[in-house]
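A.B. asks:
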Amino acid sequence: MAKEESPVYESLDMIGTGAYGMVYKARNRKNNTFVALKKVRVPLSDDGIPMNTLREIALLKQLDTYEHPNIVRLLDICHGQRQEKELVMYLVFEHVDQDLASFIQKSTILTNDKIRNISREILSGVDFLHSHRIVHRDLKPQNILVTENCHIKLADFGLAKTYDFEMRLTSVVVTLWYRSPEVLLGQSYATPVDIWSIGCIMAELFMLKPLFCGTTEGDQLSKIFQILGKPREDEWPESNVPIKYNSFEIKNKLEIRNLIPNLCENSYDLIMKMLAFNPYKRISATEALNHDYFSEEPLDI
Amino acid sequence: MPCWYYDKKELRNTPSALDNIEYDTEMRYRKEGARFIIDTGSKMDLGYNTTATGVVYFHRFYMFHSFRQFPRYVTACCCLFLAGKVEETPKKCKDIIKTARSLLSDAKFATFGEDPKEEVMTLERILLQTIKFDLQVEHPYSYLIRYAKCLKGDKAKLQKMVQMAWTFVNDSLCTTLALQWEPEIIAVALMYLAGKLSQFEVIDWVGRVNKHLRWWDMFVEDVTMDLLEDICHQVLDLYSQPTPTTAPDSPPLLPRPAQTTQPSSSKTANGQEKEKPEVPEPNPPSVPAVSIPDVPTYPYPPSFTTTAPHASAYPPAYTNPPVVPPTHIAAPPPGPPPPHMAGPPPGVPFTPYVAPPHYPPVVATGPYYAPTPPSQPHRPYYPPPS
Chain A
1 MAKEESPVYE SLDMIGTGAY GMVYKARNRK NNTFVALKKV RVPLSDDGIP MNTLREIALL
61 KQLDTYEHPN IVRLLDICHG QRQEKELVMY LVFEHVDQDL ASFIQKSTIL TNDKIRNISR
121 EILSGVDFLH SHRIVHRDLK PQNILVTENC HIKLADFGLA KTYDFEMRLT SVVVTLWYRS
181 PEVLLGQSYA TPVDIWSIGC IMAELFMLKP LFCGTTEGDQ LSKIFQILGK PREDEWPESN
241 VPIKYNSFEI KNKLEIRNLI PNLCENSYDL IMKMLAFNPY KRISATEALN HDYFSEEPLD
301 I
Chain B
1 MPCWYYDKKE LRNTPSALDN IEYDTEMRYR KEGARFIIDT GSKMDLGYNT TATGVVYFHR
61 FYMFHSFRQF PRYVTACCCL FLAGKVEETP KKCKDIIKTA RSLLSDAKFA TFGEDPKEEV
121 MTLERILLQT IKFDLQVEHP YSYLIRYAKC LKGDKAKLQK MVQMAWTFVN DSLCTTLALQ
181 WEPEIIAVAL MYLAGKLSQF EVIDWVGRVN KHLRWWDMFV EDVTMDLLED ICHQVLDLYS
241 QPTPTTAPDS PPLLPRPAQT TQPSSSKTAN GQEKEKPEVP EPNPPSVPAV SIPDVPTYPY
301 PPSFTTTAPH ASAYPPAYTN PPVVPPTHIA APPPGPPPPH MAGPPPGVPF TPYVAPPHYP
361 PVVATGPYYA PTPPSQPHRP YYPPPS
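If you read the sequences in order, they're chains A and B. Following full-length UniProt numbering, the numbering of the first sequence begins with 1 at its first residue and continues without gaps. Following full-length UniProt numbering, the numbering of the second sequence begins with 1 at its first residue and continues without gaps.
#1: In angstroms, rounded to a whole number, what distance separates the CA positions of residue 214 of chain A and residue 76 of chain B?
#2: Across which residues does DSSP place residue 34 of chain A in a beta bridge pair?
#3: So, for residue 141 of chain A: in the same chain, excluding its five sequence neighbours on each side, which residues have a beta-carbon less than 8 Å away from its beta-carbon?
#4: Is the segment 10-17 of chain B touching the segment 280-291 of chain A, taking contact as three or more C-beta pairs under 8 Å?
#5: Can you find a C-beta in chain A that's less than 9 Å from the C-beta of residue 140 of chain B?
#6: If the cut-off is 7 Å on Cβ atoms, which residues from the segment 31-58 of chain A count as contacting chain B, listed in chain order?
#7: Which ranges would you report for the alpha helix (DSSP H) in the UniProt domain "Cyclin-like" (142-240) of chain B if only whole runs of at least 4 residues count?
#8: Would residue 91 of chain B pass as a contact of residue 46 of chain B if the rule is Cβ separation under 9 Å?
#9: Short of 6 Å in beta carbon distance, which residues of its chain neighbour residue 123 of chain A, apart from the five on each side in sequence? Order them along the chain.
#10: Using 8 Å as the threshold, is the segment 144-163 of chain B in touch with the segment 63-71 of chain A, meaning 3 or more CB pairs across them?
#11: Which same chain residues end up closer than 7 Å to residue 157 of chain A when comparing Cβ atoms and leaving out the 5 residues on each side of it in sequence?
#12: Closer than 7 Å, Cβ to any Cβ of chain A: which residues of the UniProt domain "Cyclin-like" (142-240) of chain B, in chain order?
#13: Pick from A:265, A:233, A:12, A:247: whose alpha carbon is nearest that of residue 38 of chain A?
#14: Any beta carbon from chain B within less than 9 Å of residue 161 of chain A's own beta carbon?
#15: Using the Cα positions of residue 37 of chain B and residue 232 of chain A, report the straight-line distance between them to the nearest angstrom.
#16: Taking its Cβ as the centre, do 16 or more other Cβ atoms sit within 10 Å of residue 198 of chain A, making it buried, or is it exposed?
#17: What number of angstroms, rounded off, separates the C-alpha of residue 52 of chain B from the C-alpha of residue 35 of chain B?
#18: Relative to chain B, which residues along the segment 144-157 of chain A have a C-beta separation below 8 Å, given in chain order?
#19: State buried or exposed for residue 78 of chain B, treating a residue as buried only when at least 16 other CB atoms are found within 10 Å of its CB.
#20: Taking all protein chains shown into account, do 16 or more other C-beta atoms lie within 10 angstroms of the C-beta of residue 150 of chain A, making it buried, or fewer, making it exposed?
#21: Along chain A, which residues have their Cβ under 9 Å away from the Cβ of residue 90 of chain B?
#22: Quick one, which residues of the segment 111-139 of chain A are near chain B if we go by CB-CB under 8 Å, in chain order?
#23: Which of helix, strand or coil does DSSP assign to residue 352 of chain B?
#24: Are residue 28 of chain A and residue 42 of chain A close, meaning C-beta to C-beta below 9 Å?
#25: Short of 7 Å in beta carbon distance, which residues of its chain neighbour residue 292 of chain A, apart from the five on each side in sequence? Order them along the chain.
#26: In this structure, does DSSP put residue 93 of chain A in helix, strand or coil?
#27: Anything in chain B within Cβ reach of residue 62 of chain A, meaning under 9 Å, just list it in chain order.
#28: By a C-beta neighbour count over all protein chains shown, 10 Å radius and 16 as the cutoff for buried, is residue 89 of chain A buried or exposed?
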């Protein structure tokens, strides 16, 4: 796609081509800072810009006024060109060079302290989102940014309905690895899905590789059950389940403790509470932040 | 990123002013635009929040554009259209235009051009860019109700006071107050005014602390009496303004792609431009909704000076809103959920000149209210990032 030009932002290179459209690194000509330009295509209906998009943008703008330290700043919004049936908009975010995926990739070991700080900051960002009725829905190392000082900033939230349009236009595969069972089973879902993702990410911080790497919904579930065990049959959702309870046969059961030998008691407990199969029994972000794991002595091995 | 509050000097130095529109004329255009949004909204059964949001967009829009370039009724329609979507009470563009058509004279509706809907649609993007996508707007209503819950005293009188204050808040939309002060402060000022006019003196309130001299010290800081009276006067002035029958109805319009031809000064309209039989506007300069037979000195209670003090007379204490350090927060903002989700919609708020609006339901329940001392004296104010 041709490079878009704007009088203020000079786009440099493409940072990402997620399922949600493209992200460019760009330079703000006015103050010579770098920004991340997120291109969003908005369908124009008979009644202009869709309500869902407007509401999501309104909320994003409002959230930004709180300047939460673990949320990426939304600096500006601009229109691109308008076509017959769609409008291109650019959301201008602060630019952070590194995401958690590349951070993990280049790490050979993470100290317990560091893991604890990263986990706490992810949780406090998510807690903030949840307190504003936003479910991230797609937390993963790729959209968790890590600043130079090793602080966490969450990105890519709050536009789920707006992205819907873009999603239908692309065929990019979305990773399943951080998806909660209720999402994989096509159930309705809410804030607990984000906690599941954080549980996976925390385990990944210890292991330095992903915890559950499924290739399909079913495969992802069996990877989950292989480690966590199959849930009781009465915990299986009752209606509209495309995947049957009996279709899983778990062999070679693994134990998290074996996968992560250096897991301390508190972190194990917290991760297991985040990976509860039943979303209603899963720990909330606020509760997680109050977990003993975050108040224990910094015992670094 | 602009801050959406302006001082009086800035309000006199608007794009319209630079476009040779006199201050009084601009204020009239703002009032007419706001009134039109209110009337259109209430005719379409839109709630008070949607209507008020539309009006705030309207006022903000004209801090960046001139009334000469953008005719006010088209802008007003667009503001209401956008507010409808943002407040989750969407109305079809064509229905808004239809309603507008029924409320406007032919001459006024002519400003919508050949294709009114296209006109509004095009304007939507200009509007969004102008108001910088700052779509979420707070209004004094919710604060009014929250504050009223804390006041003690005769229940009937309190209700009357709240009802009157509610009407004042409605009418304040026709002023530029929303461009000057935060909704909390406007709520306090207009409750103060309503209290005076309805002779409801607040002696005690829930959550009273020794250091509080006035009930509102609990909610807002550093609000001087001068400031309150100034706000009250801006609203009261609405009722004493004669409807200008001689003033030109519209500024001579420039063709949209801003032509540079002389706008032929503001006084073009020699009776020609004037509305045919300029029917008095539906807002007679009389008492607002509720009649207050027992207040003889209306509209100016004795304690008011006759003219509002000049802006420079204010102590500098309140040039900026009290700033709670914009640190990160870890909890939801204080207060009830957003009004569109759990609002206590008082029945028919926007019929101030027809019938008194219903009481906000919360006020009508029970004699006193569970003490809800606020956790902080003032809404945390986070300045927009610069």
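Virtual Cβ for every residue (Gly too), placed ideally from N, Cα, C.
C.D. replies: In terms of the structure at hand:
#1: The straight-line gap from Cα to Cα measures roughly 53 Å.
#2: In the DSSP output, where bridge partners are listed per residue, residue 34 of chain A has A:27.
#3: For residue 141 of chain A, where only same-chain residues beyond five positions count, the Cβ hits under 8 Å are 99, 100, 101, 103, 104, 201, 204.
#4: Per the Cβ contact rule, the segment 10-17 of chain B is not in contact with the segment 280-291 of chain A (fewer than 3 Cβ pairs under 8 Å).
#5: Not a single C-beta of chain A is nearer than 9 Å to the C-beta of residue 140 of chain B.
#6: Taking 7 Å as the cut-off between beta carbons, the residues of the segment 31-58 of chain A near chain B are 47, 48, 49, 51, 54, 55, 57, 58, in sequence order.
#7: 155-172, 183-197, 225-240, all fully within the UniProt domain "Cyclin-like" (142-240) of chain B.
#8: In contact: residue 91 of chain B and residue 46 of chain B (Cβ atoms closer than 9 Å).
#9: Same-chain partners within the cutoff: 285, 288, 289.
#10: Contact between the segment 144-163 of chain B and the segment 63-71 of chain A is absent, because fewer than three Cβ pairs lie under 8 Å.
#11: Answer for residue 157 of chain A: 129, 134, 136, listed in chain order.
#12: Hits within the stretch: zero.
#13: Each of A:265, A:233, A:12, A:247 was checked against the Cα of residue 38 of chain A, and the nearest Cα belongs to A:12.
#14: Answer no: the Cβ-Cβ gap between residue 161 of chain A and chain B never drops below 9 Å.
#15: So the alpha carbons of these two residues sit roughly 58 Å apart.
#16: So residue 198 of chain A ends up on the buried side.
#17: One alpha carbon belongs to residue 52 of chain B, the other to residue 35 of chain B, and they sit about 10 Å apart.
#18: Under the 8 Å Cβ criterion, the segment 144-157 of chain A contributes no residue.
#19: Burial call: buried.
#20: By the neighbour-count criterion, in which 16 or more other beta carbons inside 10 Å mark a residue as buried, residue 150 of chain A falls on the exposed side.
#21: Going along chain A in sequence order, the residues near residue 90 of chain B (Cβ under 9 Å) are 47, 51.
#22: For the segment 111-139 of chain A, the set of positions with a beta-carbon nearer than 8 Å to some beta-carbon of chain B reads 124, 127, 128, 131, 132 in chain order.
#23: In this predicted model, residue 352 of chain B has a pLDDT of only 39, less than 50, meaning its place in the structure is not dependable; the value taken from the coordinates is given anyway. Correct three-state label for residue 352 of chain B: coil.
#24: Residue 28 of chain A is not a Cβ neighbour of residue 42 of chain A, given a cutoff of 9 Å.
#25: Excluding residues within five positions, the ones whose Cβ falls inside 7 Å are 266.
#26: For residue 93 of chain A, the three-state secondary structure derived from DSSP is strand.
#27: By Cβ distance, chain B contributes 134, 135, 136.
#28: Result: buried.
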